[in-house]
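Presented below is the structure to which this report refers.
Residue numbers (our numbering), protein chains in the order written: chain A, 1 to 261; chain B, 1001 to 1326; chain C, 2001 to 2499; chain D, 3001 to 3657.
Spelled out as structure tokens, the structure:
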């Protein structure tokens, strides 16, 4: 018993202060990509082809990057003209609408809080059931890590629960394989309303590396209505946390408080 | 109105008030346990008031009833909540007056057993394996916990030559403590041992480590929560409240039944205030104790649970021997 | 005297034509003989040979000699099952049946492996997942517990069907396939721009392990070698992956028995190791780091120094955190004699990785079939003999220690030079088998190239594929509440199995 | 036409007989109640012809308790029976059964109103005979016959021993006549017995008549006879006939052989506790519903004996007279309570059996939705027998518990030392009973049907439903009015010399200086009020509730096989008590090699019936051996054996007179 407490003292206090402080993230982290259309003047068509998931595209002569498909592999940084696409270490990526994830050089419209009754009910307590629908276990691992002392999800009133009946929503990872489709539908149906669906990772948003495979269904939106998209392959835990807090309106409110001060 | 009628009306009012206050405070107590546990792990942990938010949310959510379920499924949360509330009204807490009409601790335990009976049935009602698993485990735990609880209570009542009435124990203890301060004192070996045995029972009954892991997500290892997996919305809120209230009731038996120090013996506001403060302090102490226990030891394999309760039984017996000896 | 199997080495490309093509009996005898002499089946898979025929390839690995052997045979509709005499192949044979419709005759337990659509166009899809005919223990008191595919924790999907009597488990049947994404099918015809991403997401937590195996395979096909510095960084990344996962597993084991101190410390430390990988390449899982011809990111001296500091601190903390486990009787009571697998079972079924080493079998591809940096810098093989949850936990803790030492050594003495080299063309009509010791165990990639040097078949055997049966056996006669603990002690990959 | 007529006649006979029974029992019940309340018996009543008391008979408070219990359950049984008889095939015809039933009831009344040992014994023997016929009523399968023979043999051997006890008391008299066997005379004789003689009488009475009561280890006939009998007979058997055993033990040992030494109280406590614990433990392992209920009878008889024993043990301690009275009252009250809820449970079990033709819990499931009335009534019975407040079982169990706790203040060392253990033992019994009835209700009535029969179960007709509802109501009323009932039952101690020191200020609150306070009425009111309030407050959400498949981890749907089985439900408890149960399992495991895959695996668990194996089997084989020795001049067949015991009995009686 004594050892337990000595060890406790030695291990120290580790919970990150997010969202009050910006997190310290690796310098090489490939977070929010920034598009500079001007750099594309010399032609980006050739480089676009290098994108493994066709997240890059040209529309009306403008370079388009779909974060929902992006694997954040950074291949385009190398194949496109220098600076056309640049990955920044900014971890804030989540959006409420699928179309918001398509970047054309504008600022990413980050996710806003739930609206109205949904926010009143779920704004201060959000229990989630995670459904791994064909993921590679990386997204799962980075969701799991949120419950550790570093991220301490519980302090925000968010909890991962065992039974969908106790949940307020499901958090989907993976491209939704044919074999998991029924289970995902069953789980969604098992959650009492009002409920939210959160798609975490490129797979869950669009199918990720498996886009076009007959064995998969192209992500959660093809099966259930999605309320929050958190891109990445896998998203950094901070990205997921940021998305969840935005959904609950916890980050917006903090900003408002700062403004008042 | 005659004096005795007035007395019993006043007693009923006090009991009702206590019931309401305790049920209202029960989520806070668990919030405190969780907070201390989190701190011991060096994390921030859920807000103290998170349980209230969860419950408030649940009351606004949809209810789902499993297709094989009968009326038992709907009734169980209500019955368990009602019995826990009545138990909260009767349990020893702040004041102990001979004529308040507050019943005895044995009745409290029987009431809680009634609630549990229904919840165990509800676990079987949904026809899922997890429900059966939880029900079967909970039934086994209660089988071995109840004798220990009764024995430790009987030891205290016998040692103080009184009954298991709340007021009986409290008055005898305070009288005895004042009178002798020795063998009947608050720190007499029999009292400590009996309280320890009862405390172990509380851990078992409230699904805490080492008997159950309140933080687990794994159906297969659950005891209590496995029975509740099918509940949602207001029904879930009610069973949650009921189990939190049950925890507070049982802890208050430890706090004010086994150690009735500071329990008010009159209805003067000052005495009540002091008693209230002492009660809260004792509960907080118990919450910290539970958090420490949960942070320091692992959950036991389910089939070892009876062994642990057997040890508790031994401790209660020892308490009895100690009382005979000293 | 039948033709002997083709002897080869790890990650050595040989012409497909050199692989002996045996008859039914010969094929069978050759495998059984090799197995009786200490080899085990690392891979056994089908490859269409035209004219409605299927060519079965078998990769035999001999841990003691450090040699691989290849052999093959052509089959049409059915072949003699080996599963009764060599139980290690039972899953491979079921896989062949499911993928190609070729029946292993006499197989004792011929059920779908992953409920995938067949790889032959004409084949019929196996039965619907989840409604399969599960094995039933008879008796009126027996009941079933069905767990999954959606689990209570945040883990991958799989279905477990227990035949129980109260707490006692008679039999556990594991039904997987929920994660099947069709990667093996999609890999054929590669490599292309998606190939490396398929490889990195075969099993997300083994990104480095699979990527290293893949790149070694490609390098072998191209007849080239990555620069030494790249090998060192690959080695560091591989061991960081091992550190992170082992630490996470130890924490998860503690969490499953409700022992909070170690659970919370290890949860945090796992993140620290992942973040060290992220410090090298920007991804906590090492995505984008290992590339054919080397690695995509260098570790500069400053970065190396910082990593050494972080490593030292984390290693000190993990020692304290895991030490608590062994010193807490209530934890040990849960770990010891839970989910025991005997050494005999392990050898018969050919388990790999931690699961094997915890049965006292010193099987480690880093030692037995060294590639890359492990040819020069050896990592000791850690074993324990009891085969229970404790053994699997303890072996992990020992490996954490040795991996930490290895990384520290590599960081202090990184070879100079570039980290990425361009690869020449791949050789046509070659076969190459590559074994890499991922954190779960032996990762086996087998690539066959066509006449243009593209993959005509790319077979991946995740270590989990060998070990899932072990979990099912470990649960027999156990208590059902110990299942999560046993499961975590194996911590097998669902997607690696389901591909 | 004639067949139709005959059927109508039979039906009419059955129904009118039932009506007569109801009237007669109502009279008996009123009589019992009057007697307990301390009023003179009304002019027409039992033990009377017109206004004249039958010689050798008369009702005193002890007998009144059993008479009252008989009335309470006899009336619902009479209501239950016609529909039950109409619905079955084979066995004794309905009218014959219906003719035997009043005879049985009459003999029971004769037993409890006897004031003369001869009347008592004759009534007793006739009661056994009629009961045997009725046990046999439903079938002639071997197992039914075996059960009946076991019942008769054990009953008779017991009776012989008991008779010896009576005769020992009577032997003090210079002449043996009908009058000298009057209880009044026997009491006088009993007072002068030497300690050794008294001890012999007490032990013989306990063993002899206790056989009928089913105390351990003399209980083995109970779990055989109960399932064999038609359910309403089982109800009567458990509800009253077994209680007659207790009654006669109390009468002979505690009344006629007074003053009872202290140690006999301890013996009764020990016998009570071991019967209670072993009864409930074996019940837990049972998955034949009626056998399970039969084992619970053993348990409850144990509880009753604990109450009586404690009363006896404390009656000589000064200052604890009120506790002694409470203990005895609790025991006697439990006679009534157990009669009521056990009859209720047996009738419900009968209703279930009538519709699904099975008693095996593993074949049931989901019955509450098919049989809401029966199911709900069974639940009430289950709650009552588990001692759940505010029902009647709670009142008697709680009172006994309080008496035990209070007896820790006794100056008598034995009692003081044993009290806490007895408290724990009783608490364990209660907890085990609750676990068992969670199983006995939960497995058959909740969840999904486990068999085709269960899927097609149907609710029973109005008569049985009404009978069950009446008994359920009685559980509730007796609980709420338990203080009153306890006070009345305390008077049952008068003939035993345990004076009724029990008075409560209110008919709704149990309290006293030595015991804690409780009020089933207040509990009922409070729990009901809060439940109603909450139910009303949340009714909207229940009304809007969505019905969905149970959560099975994302699988298509739940299957009945995924539910816990009855034997699995109590597995953990079985393992803890493995030294008692000696559980074993026959496994036909995997075929073929290697062992990693299995093709067929069959398993069947069982427990060892310890008493049968180690006590009765040797006994039986010893008897067989003796019989074999006597082969030359006596046939060893059971029927002849039966006949011989009867003859022996008659000879003994004749000799005694």
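Even glycine gets a Cβ: it sits at the ideal position worked out from N, Cα and C.
Source: prediction; values computed, not measured.
Interface flag, residue i vs chain A, CB-CB below 9 Å
i: residue 2347 of chain C; result: no
i: residue 1230 of chain B; result: yes
Whole-angstrom distance between residue j and residue i, CA atom to CA atom
i: residue 3268 of chain D; j: residue 3249 of chain D; result: 10 Å
i: residue 1100 of chain B; j: residue 1015 of chain B; result: At residue 1100 of chain B the pLDDT is 49, less than 50, meaning the model places this residue with poor confidence; the figure from the coordinates comes in the next sentence. Between residue 1100 of chain B and residue 1015 of chain B, the C-alpha separation is close to 8 Å.
i: residue 3014 of chain D; j: residue 3004 of chain D; result: 15 Å
i: residue 2258 of chain C; j: residue 2331 of chain C; result: 9 Å
i: residue 3521 of chain D; j: residue 3479 of chain D; result: 8 Å
i: residue 2495 of chain C; j: residue 136 of chain A; result: 6 Å
i: residue 3403 of chain D; j: residue 3324 of chain D; result: 7 Å
i: residue 3422 of chain D; j: residue 3273 of chain D; result: 7 Å
i: residue 42 of chain A; j: residue 81 of chain A; result: 8 Å
DSSP three-state assignment for residue i, whether helix, strand or coil
i: residue 92 of chain A; result: coil
i: residue 3538 of chain D; result: coil
i: residue 1227 of chain B; result: helix
i: residue 1262 of chain B; result: coil
i: residue 3596 of chain D; result: coil
i: residue 2058 of chain C; result: strand
i: residue 2290 of chain C; result: strand
Beta-carbon spacing of residue i, residue j below 9 Å
i: residue 3335 of chain D; j: residue 3232 of chain D; result: no
i: residue 3261 of chain D; j: residue 3195 of chain D; result: yes
i: residue 3427 of chain D; j: residue 1151 of chain B; result: yes
i: residue 2435 of chain C; j: residue 2485 of chain C; result: no
i: residue 3566 of chain D; j: residue 3361 of chain D; result: yes
Contact with chain B by residue i, beta-carbon distance below 9 Å
i: residue 15 of chain A; result: yes
i: residue 2261 of chain C; result: yes
CB contact check: residue i to chain C, cutoff 9 Å
i: residue 1064 of chain B; result: no
i: residue 3440 of chain D; result: no
Short CB-CB distance (under 9 Å) between residue i and chain D
i: residue 1227 of chain B; result: no
i: residue 2473 of chain C; result: yes
i: residue 1007 of chain B; result: no
i: residue 2149 of chain C; result: yes
i: residue 2048 of chain C; result: no
- Interfacial residues, the region 2479-2495 of chain C to chain B, with Cβ spacing under 7 Å: From the region 2479-2495 of chain C, only 2479, 2480, 2481, 2482, 2483 and 2484 have a Cβ closer than 7 Å to chain B.
- Under 7 Å (Cβ pairs) to chain A, residues found in the region 3519-3549 of chain D: For the region 3519-3549 of chain D, residues whose beta-carbon sits nearer than 7 Å to a beta-carbon of chain A comprise 3548.
- Item | Contact residues within the region 3213-3226 of chain D, judged by C-beta distance below 7 Å to chain C | Shown here is that no member of the region 3213-3226 of chain D has a Cβ falling below 7 Å from a Cβ of chain C.
- Could you name the residues of the region 2353-2370 of chain C whose beta carbon sits closer than 9 Å to any beta carbon of chain A, in the order they occur along the chain? Result list empty, no residue passes.
- Task: Note down, in chain order, all residues in the region 3274-3285 of chain D with a beta-carbon under 8 Å from any beta-carbon belonging to chain E.
- Result: The structure shown contains no chain E; its protein chains are A, B, C and D.
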